[in-house]
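Notes follow the structure.
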Amino acid sequence: MKCSNYFLFIMVGLLYLLSGCDKTKPYDIVAPQPAAHFDGAATQIYSVFSDPAPVYNLTVGTTNVSNEDRVVTYHVSSVTGAVAGVQYSIDNNGTVTIPAGKAEATIDIRANFAEYAGGRRDTLLFSLSEPSLTPTDFMDTVLLILRGPSGCTEDIVDPAPLLGNYDNTNETFGTSAYGPYQTSISSFNFTGSTSATIVVENIFDDGWGPISFDLDWSDPSNRTCIVQGQNAIPGSDAGSINSTYAGQTVAVRIPPASLTTTPGTYSYCDQTFTLQMQLGVTGLGWFPALYTVNMAR
Numbered sequence: 076m077k078c079s080n081y082f083l084f085i086m087v088g089l090l091y092l093l094s095g096c097d098k099t100k101p102y103d104i105v106a107p108q109p110a111a112h113f114d115g116a117a118t119q120i121y122s123v124f125s126d127p128a129p130v131y132n133l134t135v136g137t138t139n140v141s142n143e144d145r146v147v148t149y150h151v152s153s154v155t156g157a158v159a160g161v162q163y164s165i166d167n168n169g170t171v172t173i174p175a176g177k178a179e180a181t182i183d184i185r186a187n188f189a190e191y192a193g194g195r196r197d198t199l200l201f202s203l204s205e206p207s208l209t210p211t212d213f214m215d216t217v218l219l220i221l222r223g224p225s226g227c228t229e230d231i232v233d234p235a236p237l238l239g240n241y242d243n244t245n246e247t248f249g250t251s252a253y254g255p256y257q258t259s260i261s262s263f264n265f266t267g268s269t270s271a272t273i274v275v276e277n278i279f280d281d282g283w284g285p286i287s288f289d290l291d292w293s294d295p296s297n298r299t300c301i302v303q304g305q306n307a308i309p310g311s312d313a314g315s316i317n318s319t320y321a322g323q324t325v326a327v328r329i330p331p332a333s334l335t336t337t338p339g340t341y342s343y344c345d346q347t348f349t350l351q352m353q354l355g356v357t358g359l360g361w362f363p364a365l366y367t368v369n370m371a372r
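The letter at position 221 of the sequence shown is residue 296 when you use my numbering, and the numbering goes up by one with no holes.
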């Protein structure tokens, strides 16, 4: 009898489940409400190293994309006493608009270089608020540290200030000088806690492809910047060095001790680089002169 009743109970339960689950029924989907948040690290560094100071872009994101513009409200405060209009300025202070079809927008902060040239440091606290999009419970605040060259250390924490154009680049190849012209650092990738690789564009100012360099600041007082050897630089023509080798590509390597006793170096705080190389002709040999490129903003 117990077995029969148990079987019947199971059958009734199955019938209930089957009758209560209709795969053809269009069940409602509950979508989460859109929300706003900051992108990037919770603490960010704005290095005010040049005059005029570059604009710092603090990114605000959303959890979805809409076909309408959306306004995000934020508040700025400073425990160090930084005042908008004096130490820094912000366009449309208090709100930022995320355009239709986009999931991000930036709050553009402009520091006053003169305020930070003497070593001043400030901390701004950005926090999202309502009305407008509801802030998420993650990354709803960001600390932005503003610091000038006197408050700088050569330990690279934020590589962003090193990226971009170096309009005052000069070079010497043996006894021949050239410049100023523009080079740029297109990428920076950490390879360790005190090392990284950068990619430099437009070295030699003659259509050469990028050349990579290894940075090392394990000894802050003896920072090095060493070229990565290349057998053939894309876009190069050794004929621009010596017409005898027209149509052949240029090679690059670390210069031997016979050409230099000091390696290339750089300053994170001054945003300058001294790059040392030996140039050659692919598969043939090397020119007996040191090639030095001095990059500066």
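We treat Cβ as the ideally placed atom computed from N, Cα and C, and that holds for glycine.
_Paired residues, beta bridge with Y320 - DSSP_ = DSSP, once it has assigned bridges, lists no residue as partnering Y320.
*Closest to S259 by CA distance: which of I120, L238 and Y253 is it?*
Cα-wise, what sits closest to S259 is L238.
*Short check: CB of F113 to CB of V135, under 8 Å?*
yes
_Reference V368, options P255, T324 and P309, closest by Cα_ = P255
*When the Cα atoms are used, what is the spatial distance from D215 to T170?*
14 Å
*Name, in chain order, the residues that DSSP records as bridge partners for T131.*
The amino acid at residue 131 is misidentified as Thr; the sequence shows Tyr. Answer is I184, bridged to Y131.
*Got a sec? Which residues, its chain only, sit under 7 Å from S381 by beta carbon, not counting five neighbours each side?*
In this structure the chain extends from 76 to 372, so residue 381 is not present and cannot be described.
*Taking the alpha-carbon positions, what's the L200 to P109 distance?*
Their Cα atoms are separated by approximately 23 Å.
_Beta-carbon spacing of L208, Y163 below 8 Å_ = no
*Is the Cβ-Cβ distance between I165 and Y121 less than 8 Å?*
no
*According to DSSP, residues forming a beta bridge with Y256*: T244
*Apply the 10 Å Cβ neighbour rule to G355 and answer buried if 16 or more other Cβ atoms are within range, or exposed otherwise.*
Of the residues assessed, G355 falls on the buried side of the cut-off, its CB having 16 or more other CB atoms within 10 angstroms.
*In whole angstroms, what is the alpha-carbon distance linking N264 and F288?*
Straight-line Cα distance between these residues: approximately 11 Å.
*asked:* Considering only the alpha carbon of each residue, which of F279, T181 and N142 lies closest to Y131?
replied: Between Y131 and the set F279, T181 and N142, the nearest pair of CA atoms involves T181.
*Tell me whether S262 sits in a helix, a strand or coil according to DSSP, three-state version.*
If DSSP states are grouped into helix, strand and coil, S262 belongs with the strands.
_Proximity winner among G304, T319 and Q323, relative to G310 (alpha-carbon distances)_ = Q323
*Candidates D294, E276 and I301: which alpha carbon is nearest P330's?*
I301
*Kindly list the residues whose CB is nearer than 7 Å to the CB of I278, restricted to its own chain and excluding five residues on each side of it in sequence; keep chain order.*
The answer, listed in chain order, is T258, I286 and V368.
*Neighbourhood of N243 by C-beta distance below 7 Å, restricted to the same chain and skipping five residues each side*: P255, A371 and R372
*From the DSSP output, in three-state form, read off Y191 for me.*
In the structure shown, Y191 sits in a helix (DSSP, three-state: H, G or I).
*Contact under 8 Å by Cβ, A375 with F188*: This structure does not reach residue 375, given that the chain is present from 76 up to 372, and the question cannot be answered.
*Starting from the Cα of G115, find the closest Cα among F213, G339 and D197 and give me that residue.*
F213
*If you check the beta carbons only, do P338 and Q351 fall under 8 Å apart?*
yes
*If we call anything under 8 Å between Cβ atoms a contact, is G314 one with A321?*
yes
*Same chain, Cβ closer than 7 Å to D197, five either side skipped, listed in chain order*: S153, T155, A157, Q162 and L221
*Indicate the three-state DSSP secondary structure (helix, strand or coil) for F279 in the structure shown.*
Here F279 sits in helix by DSSP.
*asked:* What does the alpha-carbon distance come out to for the pair E190 and V146?
replied: 31 Å
*Assign A271 to one of two classes, buried (16 or more other C-beta atoms within 10 Å of its C-beta) or exposed (fewer than that).*
buried
*Taking only runs that begin and end inside the stretch 294-319, name each unbroken beta strand (DSSP E) of 3 or more residues, in chain order.*
Within the stretch 294-319, the complete beta strand (DSSP E) runs of at least 3 residues are 299-302.
*asked:* Using C-beta distances below 7 Å, list every residue in its chain close to T247, excluding the 5 sequence neighbours before and after it, in chain order.
replied: A distance below 7 Å between beta-carbons, with the five flanking residues on each side excluded, links T247 to the following residues of its chain, in chain order: T367.
_Output needed for W292: all residues of its chain with C-beta closer than 7 Å, excluding positions within five of it in sequence on either side, in chain order._
E229, D230, I231, T269 and R298
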